[in-house]
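Student:
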Amino acid sequence: MDEFVTLKLNDIAEIQTGIYRIPDLYGDVIYLQAKHFTKNGVLISPEHLTRELRLTANLEKHLLKNDDILFAAKGDKNFAFRYHADMGDAVASSTFLVIRIKEEQHHKIITEYLQWLLNHPFTQSRLKAQARGSSLPHISKKELAKLLIPLPPLPKQQRILEMYDLWQREMNLSQQIIDKKQKLYQAILYNWAKGEE
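Numbered according to our numbering, the sequence shown spans residues 1 to 197.
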C-alpha cells in the first residue's frame with residue numbers, strides 16, 4: 001500500500017536567504033526581485049529581465065540552480081516560484097528564501113508539487129499567521145523550515161499537479177469567455193444607447 005508521510009520542510013530541502021546587492025549598470029547575472037513578479041508569483045516579461053550584477057567569486061556561490069524554488073518571504077505578496085536554468089544565470093534578492101530539495105529527497109517529492117503546496121491558500125494562511133513585523137511583514141527562515149509538508153506517493157503528487165493544471169486551464173478559458181461576453185454586451189448596450197438596434 002502506498003504510504004503518506006509528513007516531513008518538515010528542512011528535512012527535505014535546504015533553505016538559504018537571498019542576497020542584497022546594489023545593481024550595476026551592466027552585468028552578467030539576473031538579480032531577481034519582487035518587482036519582477038505578479039502578486040501570484042508569475043514572472044512578468046521574462047524576456048525583459050536584465051543582467052544587473054557582475055559575476056564575482058562571492059556571487060557565484062549564490063547562483064540559482066535549476067528547480068530552485070524562490071519563496072517571497074517579505075511583504076504582503078508571498079508566493080513560490082520555480083527557477084528554470086534556461087532563464088540564464090540568476091541570483092535571488094533578499095526578498096526571497098531559496099529552497100533547494102536535498103539530493104537524497106528527490107525520490108520523495110516532485111519540485112512542482114512543493115511549489116504548488118507553498119502557493120496553496122491553506123499553506124499561505126498558515127505562514128502568514130507566523131509572519132512578523134507590522135509595516136513590512138516577513139516570514140522567517142526558521143518558521144518556513146518548520147512547515148509540515150504532506151508527502152503522498154509520487155504518482156499521487158503527479159495526479160494532483162495534473163488536476164491543478166486542468167483546473168487552471170479551465171479557469172483561463174472561463175475568464176476568456178467572460179471577457180468576450182463583456183465586450184459583446186458593452187457594444188450592444190452602447191449601440192442601444194445611441195438608438196441603434
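Quick reminder that beta carbons are idealized off the backbone N, C-alpha and C, glycines included.
No experiment lies behind these values; they were computed from the predicted model shown.
Just how far apart, CA to CA, sit L184 and N172?
Tutor: Between L184 and N172, the C-alpha separation is close to 18 Å.
Student: As a quick exercise: from A92, L117, I12, pick the residue whose alpha carbon is nearest that of L161.
Tutor: Taking only the C-alpha atoms, the option nearest L161 is L117.
Student: Do the CB positions of I110 and Q168 come within less than 8 Å of each other?
Tutor: No, they are not a contact pair.
Student: Applying the criterion that 16 or more other CB atoms from any shown protein chain within 10 Å of the CB defines a buried residue, is M1 buried or exposed?
Tutor: Below a pLDDT of 50, predicted positions are generally treated as unreliable, and M1, at 39, falls in that range; the measurement from the model is reported next regardless. Exposed is the call here.
Student: Applying the criterion that 16 or more other CB atoms from any shown protein chain within 10 Å of the CB defines a buried residue, is Y83 buried or exposed?
Tutor: With 16 or more Cβ atoms within 10 Å of its Cβ, Y83 is classed as buried.
Student: Can you find the residues in the same chain that come closer than 6 Å, C-beta to C-beta, to A92, ignoring five residues on each side of it along the sequence?
Tutor: Around A92: G18, L32, L70, V98.
Student: According to the Cβ coordinates, are K39 and K74 closer than 8 Å?
Tutor: Taking 8 Å as the Cβ cut-off, K39 and K74 do not qualify as a contacting pair.
Student: Using 10 angstroms around the beta-carbon of H48, count the other beta-carbons present and answer buried if the total reaches 16, otherwise exposed.
Tutor: Classification of H48: exposed, given that the 10 Å Cβ count is below 16.
Student: Which residue's Cα is closest to the Cα of K8: R132, S45, S94, T123?
Tutor: Ranking the options by Cα distance to K8, first place goes to T123.
Student: Just to confirm the assignment: which complete beta strand (DSSP E) runs, minimum length 3, are found wholly within the stretch 12 to 91?
Tutor: Here the runs fully enclosed are 13 to 17, 29 to 32, 51 to 53, 69 to 72, 80 to 82.
Student: Which class does T95 belong to by DSSP, given the choice of helix, strand or coil?
Tutor: Coil.
Student: If I measure Cβ to Cβ from I30 and keep anything under 6 Å in the same chain, skipping five residues before and after, which residues do I get?
Tutor: Around I30: L49, R51, G88, A90.
Student: Which word fits A129, buried or exposed, when buried means at least 16 other C-beta atoms lie within 10 angstroms of its C-beta?
Tutor: It counts as exposed.
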